[in-house]
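Colleague: Here's a structure for you.
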Ligand SMILES: Nc1ncnc2c1ncn2[C@@H]1O[C@H](COP(=O)(O)OP(=O)(O)OP(=O)(O)O)[C@@H](O)[C@H]1O
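In UniProt numbering, the protein residues as written are 1 to 309.
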């Protein structure tokens, strides 16, 4: 695969503090790469470098073959950024926000109106075009941010913790939207603190530690301890805290259970133990909407007969 975004031996510092210490990373067209790492490991700085809003101390950054140092305007046309705190104005409507960003890219008149309408439709917000962004839910606001980043049709999309403020259902919908953009051929780099998101939405995960790439590969290979089986399921109803605690204790000999919002994650050392643990979860009366094993064949309907032998 040819790289759409290429960071080569990039270093960046704030004063004396080195934030990125010689990073080489490619993202191909039609690929989603998740950037993870502890606080302060250089994720946001890497995105700022990739977005062309920060100049590296050394190394090169190219987007679709355009060198950011040689042609900053040409480079900017190739990348769209959704910053960590969003970029939209609460007092403006969704359409006014997009028009504002369009003008920054030199668009105007009929072409601007066309792009704004298309941008809103692309993220499913045509109906809310004239609502002030401050009145929208976090998930809808994030979709306006996404439409703003895509207004100039960049082939490369960069997102800094795009799901941090979203509830689990909005997060799933947002990640599904990223997958669609990936399937349309976009190269996508996003940062996250949630490893389950990398398994669900990313083709590769890049792990940063102190500004260096410490691991890079398929999420299952990089993040899952060898030989460990993982399964995700969506719950139709939240699990009461006391039940979650009791279940976690009961499952401990077989599997580890994690519940985040309406998402449940089970991991075990063998497929058999994973199946037994899932059977216990179902026997407990937990209503699952669907389950998915990242290494497996994808989403299937939840049903005890299918998995418990
Ligand atoms: N504006 C700044 N001025 C000085 N130092 C900074 C600045 N921004 C970041 N740093 C430092 O650079 C390093 C990398 O920070 P960065 O924000 O890129 O990490 P991060 O992995 O995104 O962290 P987080 O997960 O907390 O968002 C850290 O040591 C941080 O303290």
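Virtual Cβ for every residue (Gly too), placed ideally from N, Cα, C.
As the structure is a computational prediction, the values presented were derived from the model and not from experiment.
Shorter than 7 Å, the distance from the beta carbon of residue 19 to the closest heavy atom of ligand 1, or not?
Modeller: For the purposes of this step, residue 19 is taken as the residue at position 19 of the chain shown. Correct: residue 19 has its Cβ closer than 7 Å to ligand 1.
Colleague: Rank 259, 239, 87 by C-alpha distance to the C-alpha of residue 286 and give the top, closest one.
Modeller: Here residue 286 corresponds to residue number 286 of the chain shown, with the count starting at 1. If we check each option's Cα against that of residue 286, 239 comes out closest.
Colleague: Can you tell me where the alpha helix (DSSP H) holding residue 189 begins and where it ends?
Modeller: Reading the chain shown from its first residue, position 189 is the one you call residue 189. Note, residue 189: premise wrong, no alpha helix (DSSP H); beta strand (DSSP E) at 187–191.
Colleague: Name the one or two DSSP bridge partners that residue 44 has.
Modeller: Locating residue 44 in the chain shown gives position 44, counting from the first residue. In the DSSP output, where bridge partners are listed per residue, residue 44 has none listed.
Colleague: If you drop the 5 nearest sequence neighbours on each side, which residues of the same chain put their C-beta closer than 8 Å to that of residue 160?
Modeller: Position 160 of the chain shown, counted from the start, is the residue given in the question as residue 160. Hits under 8 Å: 43, 44, 47, 81, 82, 83, 84, 190, 191.
Colleague: Pull up the distance between the alpha-carbon of residue 235 and that of residue 187, whole angstroms please.
Modeller: Working through the chain shown from its first residue, we reach residue 235 at position 235. Working through the chain shown from its first residue, we reach residue 187 at position 187. Cα to Cα, residue 235 sits roughly 31 Å from residue 187.
Colleague: Taking all protein chains shown into account, do 16 or more other C-beta atoms lie within 10 angstroms of the C-beta of residue 104, making it buried, or fewer, making it exposed?
Modeller: Start at 1 with the first residue of the chain shown, and residue 104 comes out as number 104. Residue 104 comes out exposed.
Colleague: Within the same chain, show all residues whose beta-carbon is closer than 7 Å to that of residue 107, passing over the 5 residues directly before and after it, in chain order.
Modeller: Residue mapping note: residue 107 aligns to position 107 of the chain shown, counting from 1. Excluding positions up to five away in sequence, the list reads 115.
Colleague: Below 8 Å on the Cβ atoms is my contact criterion, and I expect residue 132 with residue 93 to pass it. Report the Cβ-Cβ distance as a whole number of Å.
Modeller: The residue labelled residue 132 in the question sits at position 132 within the chain shown. The residue labelled residue 93 in the question sits at position 93 within the chain shown. Their Cβ separation, rounded to whole angstroms, is 6 Å, which keeps residue 132 and residue 93 in contact under 8 Å.
Colleague: Going straight from the alpha carbon of residue 154 to that of residue 68, what length do you get?
Modeller: Taking the chain shown and counting its residues from 1, the one referred to as residue 154 is at position 154. Taking the chain shown and counting its residues from 1, the one referred to as residue 68 is at position 68. Roughly 15 Å separates the two Cα atoms.
Colleague: Identify which residue in 70, 177, 201 has its Cα closest to the Cα of residue 125.
Modeller: Position 125 of the chain shown, counting from 1, holds the residue named residue 125. Closest by C-alpha distance to residue 125, out of 70, 177, 201, is 177.
Colleague: Hey, how far is the Cα of residue 145 from the Cα of residue 86?
Modeller: In the chain shown, the residue the question calls residue 145 occupies position 145. In the chain shown, the residue the question calls residue 86 occupies position 86. Approximately 6 Å between the Cα atoms of the pair.
Colleague: Would you decide whether residue 58 is buried or exposed? Buried here means 16 or more other CB atoms lie within 10 Å of its CB.
Modeller: To locate residue 58, count along the chain shown from 1; it is residue 58. By the 10 Å Cβ count, residue 58 comes out exposed.
Colleague: I'd like to confirm something about residue 163: is its beta-carbon nearer than 7 Å to some heavy atom of ligand 1, or not?
Modeller: For the purposes of this step, residue 163 is identified with residue 163 of the chain shown, where counting begins at 1. The answer is no for residue 163.
Colleague: Could you give the first and the last residue of the continuous beta strand (DSSP E) run that contains residue 26?
Modeller: The count along the chain shown starts at 1 and reaches residue 26 at position 26. Where residue 26 is concerned, the enclosing beta strand (DSSP E) stretches over 17–28.
Colleague: Considering just the uninterrupted stretch of the alpha helix (DSSP H) at residue 148, what are its terminal residues?
Modeller: Stepping through the chain shown from its first residue, residue 148 is reached at position 148. It spans 138–150 - the alpha helix (DSSP H) in which residue 148 sits, taken as one unbroken run.
Colleague: With H, G and I counted as helix, E and B as strand and the rest as coil, what does DSSP make of residue 272?
Modeller: Taking the chain shown and counting its residues from 1, the one referred to as residue 272 is at position 272. Three-state result, residue 272: helix.
Colleague: Could you tell me whether any non-hydrogen atom of ligand 1 is closer than 7 Å to the CB of residue 86?
Modeller: Position 86 of the chain shown, counted from the start, is the residue given in the question as residue 86. No, the Cβ of residue 86 stays beyond 7 Å of every heavy atom of ligand 1.
Colleague: Please report the Cβ distance between residue 34 and residue 258, rounded to the nearest whole angstrom; I am assuming they are in contact, meaning their Cβ atoms lie under 8 Å.
Modeller: Here residue 34 refers to the residue found at position 34 of the chain shown. Here residue 258 refers to the residue found at position 258 of the chain shown. Not really, about 18 Å apart at Cβ, beyond 8 Å.
Colleague: Could you tell me if the beta carbon of residue 39 falls within a distance shorter than 7 Å of some heavy atom in ligand 1?
Modeller: Residue numbering aside, residue 39 sits at position 39 when the chain shown is read from its first letter. Checking every heavy atom of ligand 1 against the Cβ of residue 39, one is found closer than 7 Å.
Colleague: In the structure shown, what three-state DSSP assignment does residue 256 receive?
Modeller: Reading the chain shown from its first residue, position 256 is the one you call residue 256. Strand, per DSSP.
Colleague: Can you list, in chain order, the residues of its chain whose CB lies under 6 Å from that of residue 309, leaving out five sequence neighbours each side?
Modeller: Counting from 1 along the chain shown, the entry for residue 309 is found at position 309. In this prediction, residue 309 scores a pLDDT of 22, lower than 50, which makes its location untrustworthy; the coordinate-derived value is nonetheless stated afterwards. None.
Colleague: Assess contact between the region 162–177 and the region 249–266, defined as three or more Cβ pairs (one per stretch) separated by less than 8 Å. Is contact present?
Modeller: Result yes; three or more Cβ-Cβ pairs closer than 8 Å.
Colleague: Give a single yes or no on whether residue 121 has its beta carbon closer than 7 Å to a heavy atom of ligand 1.
Modeller: The residue labelled residue 121 in the question sits at position 121 within the chain shown. Not under cutoff, so the answer is no.
Colleague: For the alpha helix (DSSP H) that contains residue 177, what are its first and last residues?
Modeller: For the purposes of this step, residue 177 is taken as residue 177 along the chain shown, with counting starting at 1. Start and end: 168–183.
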